[in-house]
Amino acid sequence: MIISSAQENNETAQCPHNHNISCGNCRLGSICLPLALGSDEVIKLDEIVQRGKPLQKNEHLYRDGDEFISVYAVRSGTVKAYKITGDGQEQVTGFYFPGEIIGMDGIGMGKYTNSAKALETSAVCEIPFHRLEELSILIPSMQRHFFQLMSQEITTDQQLITLLSKNSAEERVAALLLSISARNARRKLSETSFRLPMSRTDIGNFLGLTVETVSRVISRFNKQGLIAVDSKEVSLLDLPALKAIANVKVDS
Amino acid sequence: MNFVSKTAEDQCWDKQLISKYDIAGPRYTSYPTAPQFNSDFSSRDYQGEVTGAMRDSITPLSLYVHIPFCENICYYCACNKIVTTDHSVSRRYLDHLATEMQLQSKLLGKRRKVSQLHLGGGTPTFFDAAELTELVHLLASNFNLSDDPGREYSIEIDPRTVNEGSLALLKGLGFNRLSLGIQDFDEQVQVAINRRQRLPMVQSLTNAARNYGFKSISFDLIYGLPMQSPASLSRTLEQLVQLSPDRIAYYNYAHLPERFTSQRAIARQQLPSAAEKIDMLELIARSLKNAGYRHIGMDHFAKPEDDLSIAQSRGTLRRNFQGYSTCLAPDLIGFGVSAISSLRNSFSQNEKELSSYYEKLDGGELAIAKGLRLTPDDHIRSAVISQIICNLQLSIELIEQEFAIVFPEYFARELVALRAMESDGLVRWESATLVVTERGRIMLRNICMCFDKYQQQPSATVFSKSL
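These protein sequences, in sequence, are chains E and H. So in my numbering, the last spot in the first sequence is 605, and the numbers never skip. So in my numbering, the last spot in the second sequence is 470, and the numbers never skip.
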């Protein structure tokens, strides 16, 4: 339960939208940038991280073509990345959940190659890239860890993109569910039970399927007892069967 | 013995003729070739070249990055490399690459689009995922990398150092071409060259590369290796054709143990004989032709639908230190130890020793050890040789127009030398165009050598044999 666990199970002081939170006491510290750092070093990292007001639904973090300045860590909510295709259509390129870093697509080109906007109220930590580089000189393990995170991100993105471009509707939907499940597991959240914060339209767009197809596949999975769906709440009842359908390793 | 006249193909394989032309010669990845570079050419000269005529250039750039490290030693190797299992060497090397890129970026500016990028080695994939990501980030922050689908961003892969995840990463980092070091599929040969890599592993990597949509997959192989025989080679060729790479480079192994220490581990008596090597060459050319590959020239083969073949048909193929290219820019900048830069009027090469390379950069200067400024004559001959290698023909008219010379006068001596090749059937004249015949393709080096001024003078340089 990505969102509910973040929003409901925390005390106000630890509210993930709270911009007074620091890297040292952030509950995502174990999967985010502080992972490889000692406590002194986390304080230094904290000094460069900027925490503004939470993004409102549909508010943009950056747009395609903007100069690459910062990467962002999602602290709460969900961020959607998308591109506008040649014929003016929106193409969803990814969904980012708490603890995940977004904006690294800019690193190859010096500018962002996607746009990113909040799917719901979302708090993000902005990490100015040149400051991160400065910090890396002081903390070599930081630099390494950052590029490691980035390479993982690029790898899983590419794996998912490729998978989605090849397979049947069933395989694609199963792959997306498994991807979310695996990412939840990494954040020590439930692997089998979560809320899908994005609309069926966004899911369909991301998977390259029509909304009707997405709904049909989900209700078929539901009927087959592979998943249980209640509005946006999803429980994965038969992980092995879903993995067999997706027929791939979703997360390395 | 039959009395039917020889077919065209048989005539290509006149073994006596092949032996006749089996003499030492360069592969012409540049003209003049690297042995002509001298230490009079300094980083100041290089800077003069860049800041002079090129200052406001908006033409694209080619970039090459050399990563010298290898985990294991392959006995046949003649590359500039450092064998180590200590991966902590990467950090220091990356830091110096960063310094070098910043210095070059200051000179060249960040405006020019990078149409071609190549990572070579050594073993580029000695770098792990994080290091490769950092390297691409360094390149992107100092130069204008492109996401144009027509770009040519390639990397040499040692199949033993990667998995499917690494290929996904490389694709995500913007690479669109892969070159896999295969050498040979035969196990005995692999043992003899100290490079074990099983066929199923290469198979699954090739499938994964296709799955990730790499535009062109190239395999590098070698003939003339220890324990290789025409019989073992024909099995390798069968497996190769089944894997169906888009491009194949089949190099000739040159055994020069006095120059390359790692080759001293190869026993001379395990090497195939000269006659066997000619059989192998024939086998390679015939098998690949039957499998539908086009012989591009200079050890390279490509499927007819591959960009390399298309570029050759259109006359737009180019050649540089990494082989053939479809979008080579007029200036190539090399980074890393021993890397060569090729500007429109000069060549320069970095220090070959890691310690000297580091030392110069630590002192805040480029690590250039030697180079050469092209003379007007070098330019003419370079254009001639490039036309022959890339287009397999030479238009006298084009050269005369471009350089305002009278070809038969300028190249009187060379035209005499060509006559012997003409009567041997390596070249023929179609009005004012010199055409390389099918038979001449395997002897391209020899044809080019006719036009190489430095080959006409006695030289002590040892080149590997041309076939």
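We put the beta carbon where it would ideally sit given N, CA and C, even for glycine.
Neighbour list for residue i in chain E, Cβ cutoff strictly below 9 Å
i	result
L172 (chain H)	S504, Q505, I507, T508 and Q511
E516 (chain H)	Nothing can be reported for residue 516 (chain H), as the shown portion of chain H is limited to 4 through 470.
When the options are compared against residue i, the one with the closest alpha-carbon
i	options	result
A342 (chain H)	H:L357, H:S328 and H:L331	H:L357
P333 (chain H)	H:A195, H:N323, H:G339 and H:R347	H:R347
L589 (chain E)	E:N558, E:L549 and E:I556	E:L549
C330 (chain H)	H:L311, H:E134, H:F40 and H:I336	H:L311
E586 (chain E)	E:I571, E:A597 and E:V564	E:I571
A420 (chain H)	H:G28, H:F454 and H:C393	H:F454
N1 (chain H)	H:P203, H:I251 and H:T54	In the structure as shown, chain H begins at 4 and stops at 470. Residue 1 (chain H) is therefore absent and cannot be evaluated.
H301 (chain H)	H:R444, H:D98 and H:S108	In the sequence on display, residue 301 (chain H) carries Met and not His. Comparing Cα-Cα distances from M301 (chain H) to each of H:R444, H:D98 and H:S108, the minimum goes to H:R444.
S118 (chain H)	H:Y67, H:T136, H:K109 and H:L110	H:Y67
R297 (chain H)	H:I450, H:L274, H:P248 and H:L259	H:P248
P63 (chain H)	H:L111, H:F338 and H:V92	H:L111
L120 (chain H)	H:N75, H:H69 and H:V387	H:H69
E362 (chain H)	H:P71, H:Y31, H:D98 and H:T36	H:D98
Start and end residues, alpha helix (DSSP H) containing residue i
i	result
L142 (chain H)	A132 to N145
T554 (chain E)	R553 to L560
E523 (chain E)	A522 to R539
G51 (chain H)	S46 to T54
H303 (chain H)	Careful: H303 (chain H) lies outside any alpha helix (DSSP H), inside the beta strand (DSSP E) at H303 to A305.
F547 (chain E)	Careful: F547 (chain E) lies outside any alpha helix (DSSP H), inside the beta strand (DSSP E) at S546 to R548.
A471 (chain E)	First-last for A471 (chain E): S468 to A471, but that is the beta strand (DSSP E), not the alpha helix (DSSP H).
Q512 (chain E)	P493 to K519
I571 (chain E)	V564 to K576
F406 (chain H)	I399 to F406
V117 (chain H)	Note, V117 (chain H): premise wrong, no alpha helix (DSSP H); beta strand (DSSP E) at K116 to G124.
Q19 (chain H)	K18 to K23
T446 (chain E)	Here T446 (chain E) belongs to no alpha helix (DSSP H); instead the beta strand (DSSP E) covers E443 to Y449.
Limits of the beta strand (DSSP E) - the one that residue i falls within
i	result
A599 (chain E)	Premise fails: A599 (chain E) lies in the alpha helix (DSSP H), L592 to A599, not in any beta strand (DSSP E).
H258 (chain H)	Run containing H258 (chain H): none; DSSP gives neither H nor E here.
S487 (chain H)	Past the boundaries of the shown model lies residue 487 (chain H); chain H is included only from 4 to 470, so the question cannot be answered.
Y34 (chain H)	Careful: Y34 (chain H) lies outside any beta strand (DSSP E) and carries neither H nor E.
H99 (chain H)	It is not in any beta strand (DSSP E) - H99 (chain H) instead sits in the alpha helix (DSSP H) that spans V92 to L111.
Y435 (chain E)	V432 to I437
F350 (chain H)	S349 to N353
Closer than 8 Å at the beta carbon, the chain H residues around residue i
i	result
I598 (chain E)	The contacting residues do not exist; I598 (chain E) stays about 18 Å from chain H at best.
R536 (chain E)	None at all; the shortest Cβ gap to chain H is about 16 Å.
R525 (chain E)	None at all; the shortest Cβ gap to chain H is about 15 Å.
Amino acids of chain E, ordered along the chain, whose beta-carbon sits closer than 7 Å to that of residue i
i	result
L111 (chain H)	Result: empty, since nearest Cβ-Cβ is about 15 Å, beyond 7 Å.
H140 (chain H)	I460
Neighbour list for residue i in chain E, Cβ cutoff strictly below 8 Å
i	result
Y215 (chain H)	Q511 and T515
K175 (chain H)	The question names Lys, yet the displayed sequence has Gly at residue 175 (chain H). Chain E residues near G175 (chain H): I507, T508, D510 and Q511.
Check whether residue i and residue j have beta carbons under 8 Å apart
i	j	result
L176 (chain H)	Y215 (chain H)	no
K464 (chain E)	D419 (chain E)	yes
E453 (chain E)	V427 (chain E)	yes
E487 (chain E)	M457 (chain E)	no
F188 (chain H)	T164 (chain H)	no
I351 (chain E)	Y415 (chain E)	In the structure as shown, chain E begins at 354 and stops at 605. Residue 351 (chain E) is therefore absent and cannot be evaluated.
L172 (chain H)	S532 (chain E)	no
C82 (chain H)	G55 (chain H)	no
Y78 (chain H)	N255 (chain H)	no
A476 (chain E)	P387 (chain E)	no
T554 (chain E)	A522 (chain E)	no
F414 (chain H)	L375 (chain H)	no
L141 (chain H)	L106 (chain H)	no
I399 (chain H)	I383 (chain H)	no
L437 (chain H)	L377 (chain H)	no
A535 (chain E)	L516 (chain E)	no
R250 (chain H)	F217 (chain H)	no
I450 (chain H)	L418 (chain H)	no
L364 (chain H)	S46 (chain H)	no
I327 (chain H)	I299 (chain H)	The residue you asked about is not Ile; residue 327 (chain H) is Tyr in the sequence shown. Yes, the Cβ-Cβ distance between Y327 (chain H) and I299 (chain H) is below 8 Å.
Proximal chain H residues relative to residue i, where beta-carbon distance stays under 9 Å
i	result
Q623 (chain E)	This structure cannot settle anything about residue 623 (chain E), because the visible part of chain E is limited to 354 through 605.
T466 (chain E)	D150
R539 (chain E)	Those do not exist, as R539 (chain E) stays about 16 Å from chain H at its closest Cβ, beyond 9 Å.
Within chain H, partners of residue i - CB distance below 7 Å
i	result
G463 (chain E)	A143 and S144
R497 (chain E)	A133
is_contact[residue i, chain B] using C-beta, thresh 8 Å
i	result
E74 (chain H)	Structure shown: chain B not included; protein chains present are E and H.
Requested in this report: With a floor of 3 residues, list each beta strand (DSSP E) that falls wholly inside the segment 293 to 338 of chain H, ordered by position along the chain.
Outcome: Complete beta strand (DSSP E) runs here, min 3: 297 to 300, 303 to 305, 321 to 323, 326 to 328 and 334 to 338.
**Report entry** Whole runs of the alpha helix (DSSP H) within the segment 420 to 455 of chain H, excluding any shorter than 4 residues
**Finding:** Runs found: 447 to 452.
Requested in this report: Go through the segment 138 to 226 of chain H residue by residue and report every complete run of the alpha helix (DSSP H) that reaches 4 residues or more, in order.
Outcome: If only uninterrupted alpha helix (DSSP H) runs of at least 4 residues are considered, those enclosed by the segment 138 to 226 of chain H are 167 to 175, 190 to 195 and 202 to 214.
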